[in-house]
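Report on the following structure.
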Amino acid sequence: MPGAADPPIIDLERVVARTLPNGLRVRVYPDRLVPAVSYYSFFRVGSRNERPGLTGISHLFEHMMFNGSARYGPKEFDRVLEACGGTSNAYTSNDVTAYYDDFASEAFDTVVDLESDRMRSLRLTDETLEQERAVVKEERRLRTDNSTFGLIEEQLETLVFQAHPYRWPIIGWMEDIDRIRREDCQSYFRTYYAPTNAAVYVAGDVDPDLALRRIEDAYGDIPAGPAVPAVASGEPEQRGERRAVVHYPAEAAALIVGFRGPPASDGDAAVLDVLQACLAVGEGSRLRRRLVQEEVAVSASVAWAWRIDPGVFMLLLELAPGANRQRAEDELFRELGRVASRGVSAKEVERARRLLRSSVLQEFSTRNGVAHALGQAEALLGDWREVGKALPRYEGVSAEDVQRVAARFLAPTQRNVVWLDPRAAP
Amino acid sequence: MSLALPELREARLDNGATVIVAPRPGVPLAAARLFVRAGSGLDPPGRFGLAHLVSTVARRGAGRRSGAGIDALVESLGADLGGDAEEDATVYALTAPAELLERLLGVLVDVVASPTFPAPEFDRLRRRELASLARDSDEPATLAERAVFTAAYGDHPYGHPVEGRTRDLTRLRRADVRAFHERWYLPAISTLVVVGPVDAGAVMDLARDRLERWRAAGEPPPEIARAERGPRRVVIVDKPDVTQTQIRIAGTALPRSSPDYFPAVVANAVLGGGFTSRLVEAIRVNRGLSYGVRTRFAMSRSAGLFLFSSFTKNETAGELVEVAFEEMGRFCEEGATAQEVTRATNYLAGLFPLALETHDQWADRLCDARICGYGLEEVQEYRERVRAVGPDEIRDVARRHLPLAGGVVLAVGPAKRVAPQLERFGKPQVLSARSVL
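Protein chains in written order, with the working numbering: chain A, 1 to 426; chain E, 1001 to 1437.
This is the structure:
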């Protein structure tokens, strides 16, 4: 049985951590099994730091980071990286913007040079801004405007959050994407991309002391940045169910339901992970058995992503064409009510814990996964050492805890309900 | 530097089944695969989707266990088990905590060797597959992927979607599923692969014990024929309401075991792989026409496709296809520069170790090598062989395998707006979304 006797799944004693005088945090996790390295740069900025009228700037800016800096001209970043056996990508979330490079060990110095150069001296031109604006608009058409899931998910966040910046989509509203100017990007860069607001995570085939020295040499002279503006993170209490309908020509209906959960720093965030596994991970989970195997829905899933401020516990049902919508909704709410009133069994909790353990192990089986987990833990929980608690966190969760969080967070008055109506708007 | 292979232990059992165990340090999860070299390429005409349905229903009852019983056992131990049909094989994958493998390997074998195909589960899963197909109509990219294989392969056994089509699924009966299993699920064409921090001797004994009882015999499947590229077709799958058109350009190219494999991999990296490829530069960077642009050689055992994929707002669908053909034409004409070849080969060689980082990746690679018929020395020598590819081979492989003539241009978008833009590539044939599902 996994538990106390387990060796730690990740040896955090290996991590060499330092904060440079300019505020840049650097954490290095050596692991020499594979001749490759993963290198993450985390910036504590995401759509949470935006304001209406400029939504989507975090994500559009992420694209701008690949378009040239002082010593590497436009198009050079990826060319240089690929030429030495590496690849890069990035993502923007509600809370952070993270860039990664995966590469053959020999490329380490080049990567440090590329990354520090763009943090020091990014070049923003009108030409590259227009080009990325067009690309981002295509991305929005792909993921939101022509995606049934994208449409209802976007609608759901505007219901769950009335005031909090989580209300708007990470990619931004189409009009705002059109509105962003170069000066906005420049000021955004100065404010949010200074070393004070950044951290570097290295996992893989490196000598940690040497790696740290290289990073210090390369980033040491970048000036510390200004204080980052506070986020207006308030959200009024929800006093009853909220509903919306999205009309879009489609073959079948879908239902998405969201509840505001706790922030990542709250111990209940891990309890909701366990609840998620009880409800919708694996064929034997409650919603799969009650809704999918009973053919009320074609699929049932739960998404629960930890965020700095309270995030969304999201349930999605996809229906067969012509299926009974009322029944799907009723059955879903009945099951959630059952968990809140009668709880789950100790066996279900044990099952969930084991499934969660396997998914944590999967995450730690790549260098990219380890570097990302360190960055994510520091960004959301304030300390990279929290990675070491990934499994113990679940060991402490009891069936009573699961019932308590279901009752607290998934109450009927706290529901936000969006239906995809597969007919064009009347 | 060569890449080290894990030490492989291999045995052929009395019933003809093969077992490969590859102990490897790393996270305490074991990756097991049991594949049968029978996939959707063996679907009988009019019964497309059969191999896929077999793989789905097999999981719902095997040996003495019901589907719910398998769920309960597998998931209560933190494991994952499922089957998936491909063109040339059906692969059943089990990922389990290494210390619990002993309790689960028997279930994996049962699902493959002695599924019971309970009638209610068969009926339910067939209905679910039908509903999923209908839902696919709402996903333009999914529609495009399904339609392009059919359009490019035509009547070839790889030419229908693995999941089948509505008209086929409606026709399928439980007896078809049982018959497919009985005819093709044979130990002599099956291989069990286990990778992870396991004791090779113990796993080998365990595998022998669980697998050797499987008795079934029959002729192995015939080799599937190579595919011929037909004349150029332009196909539009009509989605009147979307604001963005999905584009595919495809043509038959090479099978996985082709001697052209390495030149093709490098050519693809220069033309449409990675972030600095010619097509990404022309379409995304220089013109802002799309967010995503990519090419690949989709290779199976007996045949393969060259496939270009992208998407753009409806107004620029024709422009995107034009640019893609321009770049492919220039590539066939001029080939790659020395600098591009160096960059592409360094890129591929440098990243290759990351494609074999986890136990699951190794297990999948070992299966793929056996299914498609290539040797593992290819894995060891990957970096040297990629670096040995020169500009002449790249140009040669591009000329022979890019669909400049023939092949298919496929768009999923509003036909009324897109058809006039695509006429210059051939007379568009408009299909309804339903007809490809």
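The beta-carbon is built from N, C-alpha and C at its ideal position, and this holds for glycine as well.
Going by DSSP, what residue range makes up the beta strand (DSSP E) through residue i?
i	result
E/A1084	A small correction: the amino acid at residue 1084 of chain E is Asp; Ala does not occupy that position in the sequence shown. That run of the beta strand (DSSP E) goes D1080 to A1085.
E/R1012	R1009 to R1012
A/A323	A/A323 -> no beta strand (DSSP E), and no H or E assigned at all.
A/A254	A254 to R260
E/E1099	Taken as a continuous stretch (DSSP letters only), E/E1099 belongs to no beta strand (DSSP E), as it is neither H nor E.
E/Q1429	P1428 to S1432
A/D102	T97 to A104
A/T19	V16 to T19
A/Y201	A198 to G204
E/V1409	V1408 to G1413
A/H372	Careful: A/H372 lies outside any beta strand (DSSP E), inside the alpha helix (DSSP H) at R367 to L381.
E/T1245	Q1244 to T1252
Straight-line CA distance for residue i to residue j?
i	j	result
A/F77	A/E132	15 angstroms
A/E283	E/D1071	6 angstroms
A/Q326	A/Q293	18 angstroms
E/D1205	E/R1009	12 angstroms
E/V1436	E/E1139	13 angstroms
E/P1222	A/R71	59 angstroms
A/P35	A/N416	48 angstroms
E/R1210	E/L1105	8 angstroms
E/E1319	E/Q1421	8 angstroms
A/S345	A/S285	12 angstroms
A/G267	E/V1019	45 angstroms
E/Y1382	A/V397	47 angstroms
A/T42	A/L275	Looking at the sequence itself, residue 42 of chain A is Phe, so the reference to Thr does not match. Looking at the two C-alpha atoms, the distance is approximately 29 angstroms.
A/H247	A/D145	12 angstroms
E/P1414	E/A1317	11 angstroms
A/A4	A/E348	Confidence in A/A4 is poor, its pLDDT being 40 and thus under 50, which makes the residue's placement unreliable; the coordinate value appears in the next sentence. Looking at the two C-alpha atoms, the distance is approximately 20 angstroms.
A/F409	E/A1151	50 angstroms
A/S38	A/N67	21 angstroms
On the premise that residue j lies in contact with residue i, defined as a C-beta separation below 8 angstroms, what is that separation, rounded to the nearest angstrom?
i	j	result
A/R141	A/P249	Not quite, the Cβ-Cβ distance comes to about 16 angstroms (not below 8 angstroms), so this is no contact.
A/E318	E/R1128	Not quite, the Cβ-Cβ distance comes to about 11 angstroms (not below 8 angstroms), so this is no contact.
E/A1207	E/Y1185	The pair is not a contact, with the Cβ atoms about 17 angstroms apart (cut-off 8 angstroms).
E/S1137	E/L1130	E/S1137 to E/L1130, Cβ: 12 angstroms. No contact.
E/L1289	E/R1248	Not really, about 15 angstroms apart at Cβ, beyond 8 angstroms.
E/V1412	E/V1285	The Cβ separation is near 24 angstroms, so there is no contact.
A/R290	A/E335	5 angstroms
E/G1251	E/G1407	3 angstroms
A/P195	A/G23	5 angstroms
E/V1177	E/L1050	7 angstroms
E/P1045	E/P1023	Not really, about 44 angstroms apart at Cβ, beyond 8 angstroms.
E/R1226	E/S1300	No, E/R1226 and E/S1300 are not in contact; Cβ-Cβ is about 11 angstroms, not under 8 angstroms.
A/A199	A/R25	4 angstroms
A/P310	A/G258	The pair is not a contact, with the Cβ atoms about 11 angstroms apart (cut-off 8 angstroms).
With a threshold of 16 other CB atoms inside 10 Å of the CB of residue i, please say whether the residue is buried or exposed.
i	result
A/K137	buried
E/T1245	buried
A/F361	Correcting the residue type first, residue 361 of chain A is Leu in the shown sequence and not Phe. Its Cβ being crowded by 16 or more others within 10 Å, A/L361 is buried.
A/N324	exposed
A/P223	exposed
E/D1368	buried
A/Q414	buried
A/M1	Because A/M1 sits at a pLDDT of 36, beneath the cut-off of 50, its placement in the model cannot be relied upon, and the following sentence gives the value as read from the coordinates. The residue in question, A/M1, is exposed, as its Cβ has fewer than 16 Cβ neighbours within 10 Å.
A/V245	exposed
E/K1416	exposed
A/N197	buried
Mind listing the chain B neighbours of residue i? Cutoff is C-beta to C-beta under 7 angstroms, in chain order.
i	result
A/A134	Reference to chain B is not applicable here, since the protein chains of this structure are A and E.
Mind checking which residues open and close the alpha helix (DSSP H) that includes residue i?
i	result
A/E82	E76 to A83
A/K347	A346 to E363
E/D1238	First-last for E/D1238: R1233 to D1238, but that is the beta strand (DSSP E), not the alpha helix (DSSP H).
A/A36	That residue, A/A36, is in no alpha helix (DSSP H); its beta strand (DSSP E) goes A36 to F43.
A/L210	P208 to Y219
E/E1384	Y1382 to R1387
A/M314	Taken as a continuous stretch (DSSP letters only), A/M314 belongs to no alpha helix (DSSP H), being part of the beta strand (DSSP E) at V312 to E318.
A/Q276	D268 to A280
E/W1362	H1359 to C1372
E/F1035	Element bounds for E/F1035: not the alpha helix (DSSP H) but the beta strand (DSSP E), L1029 to V1036.
Report task. Identify every run of the alpha helix (DSSP H) within the segment 1268 to 1350 of chain E, keeping only runs that are complete inside it and at least 4 residues long; order them along the chain. Result -> Annotation note: the segment 1268 to 1350 of chain E contains the following uninterrupted alpha helix (DSSP H) runs of length 4 or greater, listed N- to C-terminal: 1317 to 1334.
Query raised in the report: Which ranges would you report for the alpha helix (DSSP H) in the segment 1135 to 1213 of chain E if only whole runs of at least 4 residues count?
Result: Whole alpha helix (DSSP H) segments, 4+ residues: 1140 to 1153, 1166 to 1171, 1174 to 1184 and 1200 to 1211.
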